[in-house]
Amino acid sequence: MTAAARVIEPDARASRPLVVVVGNPNVGKTTLFNRLTGQNARVGNYPGITVERRVGTLRSSAGDVIELVDVPGAYSLSARSVEEQIAINSVLGFGSEPKPRLAVVVVDAGQLIRNLYLVLQLLELSVPVVIALNMIDEVTDNPPDPAALSALLGVPCVSTDARHGKGMKALAEVIFEALADPPRGRVDLRYPEALRRDADRVADALPKEWRGSVERDRALAMWALTSIEPDDELTDMPEELRDRCLEVQQAAGDRDLDREVIASRYAFLDAHADRLYGRTDRHPKKRASSDRVDKVLLHPVWGFAFFILLMLVLFQALFSWADPAIGWIEGGFEWLAELTKATLPDGIVRDLLVDGVIGGVGNVLVFLPQILLLFLFIGILEDSGYMSRVAFLMDRIMRSLGLHGRAFVPMLSGFACAVPAILATRTMERRRDRLLTMLVIPLMTCSARLPVYTLIIGALFPPTRVMGWIPIQGLLMVAMYVFSTIIALIAAGVLGRTVVKGRRVPLILELPPYRVPNMRSVVRMMWERSTVFLREAGTVILACTVVLWALLYFPKHEPDTNVNRPAVAAVQGTKAQASEQLKNSYAGRIGHAIEPALEPLGFDWKIGVGLIGAFAAREVFVSTMGLVYGVGDGDEAVTPLRERIRHDTRADGKPVYTPLVGLSLMVFFALASQCMSTLAVVRRETRSWRWPAFLFTYMTALAYGASLLVFQVGRLLGF
Numbered sequence: 011m012t013a014a015a016r017v018i019e020p021d022a023r024a025s026r027p028l029v030v031v032v033g034n035p036n037v038g039k040t041t042l043f044n045r046l047t048g049q050n051a052r053v054g055n056y057p058g059i060t061v062e063r064r065v066g067t068l069r070s071s072a073g074d075v076i077e078l079v080d081v082p083g084a085y086s087l088s089a090r091s092v093e094e095q096i097a098i099n100s101v102l103g104f105g106s107e108p109k110p111r112l113a114v115v116v117v118d119a120g121q122l123i124r125n126l127y128l129v130l131q132l133l134e135l136s137v138p139v140v141i142a143l144n145m146i147d148e149v150t151d152n153p154p155d156p157a158a159l160s161a162l163l164g165v166p167c168v169s170t171d172a173r174h175g176k177g178m179k180a181l182a183e184v185i186f187e188a189l190a191d192p193p194r195g196r197v198d199l200r201y202p203e204a205l206r207r208d209a210d211r212v213a214d215a216l217p218k219e220w221r222g223s224v225e226r227d228r229a230l231a232m233w234a235l236t237s238i239e240p241d242d243e244l245t246d247m248p249e250e251l252r253d254r255c256l257e258v259q260q261a262a263g264d265r266d267l268d269r270e271v272i273a274s275r276y277a278f279l280d281a282h283a284d285r286l287y288g289r290t291d292r293h294p295k296k297r298a299s300s301d302r303v304d305k306v307l308l309h310p311v312w313g314f315a316f317f318i319l320l321m322l323v324l325f326q327a328l329f330s331w332a333d334p335a336i337g338w339i340e341g342g343f344e345w346l347a348e349l350t351k352a353t354l355p356d357g358i359v360r361d362l363l364v365d366g367v368i369g370g371v372g373n374v375l376v377f378l379p380q381i382l383l384l385f386l387f388i389g390i391l392e393d394s395g396y397m398s399r400v401a402f403l404m405d406r407i408m409r410s411l412g413l414h415g416r417a418f419v420p421m422l423s424g425f426a427c428a429v430p431a432i433l434a435t436r437t438m439e440r441r442r443d444r445l446l447t448m449l450v451i452p453l454m455t456c457s458a459r460l461p462v463y464t465l466i467i468g469a470l471f472p473p474t475r476v477m478g479w480i481p482i483q484g485l486l487m488v489a490m491y492v493f494s495t496i497i498a499l500i501a502a503g504v505l506g507r508t509v510v511k512g513r514r515v516p517l518i519l520e521l522p523p524y525r526v527p528n529m530r531s532v533v534r535m536m537w538e539r540s541t542v543f544l545r546e547a548g549t550v551i552l553a554c555t556v557v558l559w560a561l562l563y564f565p566k567h568e569p570d571t572n573v574n575r576p577a578v579a580a581v582q583g584t585k586a587q588a589s590e591q592l593k594n595s596y597a598g599r600i601g602h603a604i605e606p607a608l609e610p611l612g613f614d615w616k617i618g619v620g621l622i623g624a625f626a627a628r629e630v631f632v633s634t635m636g637l638v639y640g641v642g643d644g645d646e647a648v649t650p651l652r653e654r655i656r657h658d659t660r661a662d663g664k665p666v667y668t669p670l671v672g673l674s675l676m677v678f679f680a681l682a683s684q685c686m687s688t689l690a691v692v693r694r695e696t697r698s699w700r701w702p703a704f705l706f707t708y709m710t711a712l713a714y715g716a717s718l719l720v721f722q723v724g725r726l727l728g729f
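Per this note's numbering, the very first residue in the sequence shown carries number 11; after that it's consecutive.
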């Protein structure tokens, strides 16, 4: 098998046979898709990990090629969430989706009966199906019989272990065989007569292009009845069909049509459970060890204590483990800058390369080791199953603030990047919950803030220890993450009661068993996320850096040509000229213009210039400060940026930047909206400029007010 993969838009059309991979969340669907296609789709261990449709190619031993599409995980085809809408559209070819030839349904062998609910829906809709009985390695006590399952439903069933790549070749062969001879599944579901009559009434309102056999039309009617709600916001359904469903629901009176449909399907599955699985329990416990661990990690006191301790250890590791690599990278860029200076003649080209490209981008890339470690830790926590526990722990707090507990999963993703985290809100059913979550996700401390925090903490806070054993640098980093999370929750509480009002709904979240992280998937995910950072450094950050370098470089100040001055005076004169050049540059003039507004926060015009660049992307602040100190320094020696900031002094010999200024600046970065990509994706998801404008305004105002409070209170306390 060979593969090539890409992300496709919803209106793309596959020229090859199209096969969709569907299944419940947390069944290893995306892992299986990756194994079949070689696709680097993100793999995690909490519901809703697949947000966008991803497609890869699968080649048979005979050379035939098909398109394989990874569809977001869904518990059913009832279109009450975005991922369920995408699933039904992808499977049936509704809307702009191409109709597939086959559906590969990935089911969890340890939760077989519950997972087969989705299979029944597909078979009722006459969709050709192949079942991948996954995670078979985790069921050691009475595993399900794939042959019995195949005989019962009339479709092929293959045992797989996607985490270790077992069964992939057999599954690929069955997929190609099923395409050549589509399986005709069979199910004998016995619905109540009244429900059948209701479904037939709804079937009469189906669009002509949807209609087929009587059984399929009735199944579509069942889907419509279980998808519609009087106050639904998501379901994209023809108006006539929607009205007929509401009419039938109203006529049903006290009857719960949803319950009747679900009960009939589970009655069929339970009747055959002994034959398939040896028991009728739909939710068998996979591992008793998971329950024992959860008694501690889900405890309202000890669970939180463990979470905080874990975060402290991880963020201290970001400093201690990454610091040697940061030093090596700094040394490498210093060597490259010195080599460039020695090779090229003095002039604008040399200055651009040394100060603009090498200095600007290099000052950001030195933090790549910490970015890699951050994504590594997040990947391990996700793949182990712990992230879902954190969401469960936070649910009580979030519900009290009006935020849906399921929102914490996208919010946790916001620790990596706000853009995919905002896209992950599509897994939430109600528009109000999605919008509220989108408005607070940018407050989470994303990886783009990490270089800024690392620079400030490394430059202004010495590596001392509190009470002799708690490292101050790691403690500060943890504090910034905790601070941003608390502010995000408070903001959600305020916005949920004012700007985005709505009713509250309970959290329903699957807690997967604890697993040893699959380091192949974790490292792949770490590299994927880190390459995004590298691409930004090579495109957005480089472009912004060059523009800011030009603003700092021009207009060019005429140098002092007096060759008769003493050596010491000449050096002082050179530094004074460099300082004068910086102050009179275009960027310097802008910085001085906004300095009065920034002084109450403890910021000077240099930080002001950095903040201007940071509103395009937060990481640009680091490269901008590198430019400020590189262009403004008359010394030919290349000194790390942290050292330059630490030793920068005023005319009276006092340091320009104190720990209080550093704390104020970190608070500003924690709360300000400084990412054009985030605003763009909010615009795309809400289809309005109103919410990005509101997001930018409220976060900027919040950042200014909080930074002002921190600095002024700190001064009053004598810091």
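Using N, Cα and C, we set each Cβ at its ideal position, and we do this for glycine too.
What you are looking at is a predicted structure, and each value in this text was computed from that prediction instead of being measured.
Residue i (DSSP reduced to helix, strand or coil)
{"i": "residue 703", "result": "helix"}
{"i": "residue 7", "result": "No answer is possible for residue 7: the residues shown for the chain start at 11 and end at 729."}
{"i": "residue 27", "result": "coil"}
{"i": "residue 540", "result": "helix"}
{"i": "residue 71", "result": "coil"}
{"i": "residue 191", "result": "coil"}
{"i": "residue 610", "result": "helix"}
{"i": "residue 572", "result": "Because residue 572 carries a pLDDT of 49, less than 50, the predicted location of this residue cannot be relied on, and no value is offered for it."}
{"i": "residue 255", "result": "helix"}
{"i": "residue 480", "result": "strand"}
{"i": "residue 712", "result": "helix"}
{"i": "residue 77", "result": "strand"}
{"i": "residue 64", "result": "strand"}
{"i": "residue 113", "result": "strand"}
{"i": "residue 414", "result": "coil"}
{"i": "residue 523", "result": "coil"}
{"i": "residue 402", "result": "helix"}
{"i": "residue 728", "result": "coil"}
{"i": "residue 107", "result": "coil"}
{"i": "residue 443", "result": "helix"}
Bridge-paired residues (DSSP) for residue i
{"i": "residue 144", "result": "118"}
{"i": "residue 659", "result": "665"}
{"i": "residue 627", "result": "685"}
{"i": "residue 137", "result": "None, per the DSSP bridge assignment."}
{"i": "residue 475", "result": "481"}
{"i": "residue 428", "result": "Per DSSP, none; premise fails for residue 428."}
{"i": "residue 33", "result": "116"}
Contact under 8 Å by Cβ, residue i with residue j
{"i": "residue 213", "j": "residue 194", "result": "no"}
{"i": "residue 41", "j": "residue 173", "result": "yes"}
{"i": "residue 386", "j": "residue 460", "result": "no"}
{"i": "residue 362", "j": "residue 503", "result": "no"}
{"i": "residue 431", "j": "residue 438", "result": "no"}
{"i": "residue 676", "j": "residue 490", "result": "yes"}
{"i": "residue 122", "j": "residue 286", "result": "yes"}
{"i": "residue 31", "j": "residue 114", "result": "yes"}
Closest residue to residue i among the options (Cα-Cα distance)
{"i": "residue 424", "options": "71, 506, 688, 216", "result": "688"}
{"i": "residue 464", "options": "443, 44, 394, 336", "result": "336"}
{"i": "residue 372", "options": "447, 544, 566", "result": "544"}
{"i": "residue 635", "options": "165, 80, 466", "result": "466"}
{"i": "residue 325", "options": "26, 380, 620, 504", "result": "380"}
{"i": "residue 319", "options": "485, 499, 650, 66", "result": "485"}
{"i": "residue 47", "options": "65, 33, 222, 35", "result": "65"}
{"i": "residue 219", "options": "109, 134, 275, 168", "result": "109"}
{"i": "residue 85", "options": "78, 301, 36", "result": "36"}
{"i": "residue 334", "options": "304, 378, 367, 352", "result": "378"}
{"i": "residue 209", "options": "176, 155, 268", "result": "268"}
{"i": "residue 87", "options": "76, 68, 256, 135", "result": "135"}
{"i": "residue 614", "options": "393, 462, 599", "result": "599"}
{"i": "residue 279", "options": "629, 177, 198, 73", "result": "198"}
CB contact below 8 Å: residue i versus chain B
{"i": "residue 42", "result": "In the displayed structure, chain B is absent; only one protein chain is listed."}
Task: Secondary structure, alpha helix (DSSP H): runs of 4+ residues fully inside the stretch 152-234 - done: Segments of the alpha helix (DSSP H) lying fully in the stretch 152-234: 156-163, 178-190, 203-213.
Task: Every unbroken alpha helix (DSSP H) inside the stretch 266-338 [4 residues or more] - done: Complete alpha helix (DSSP H) runs here, min 4: 267-281, 283-287, 298-307.
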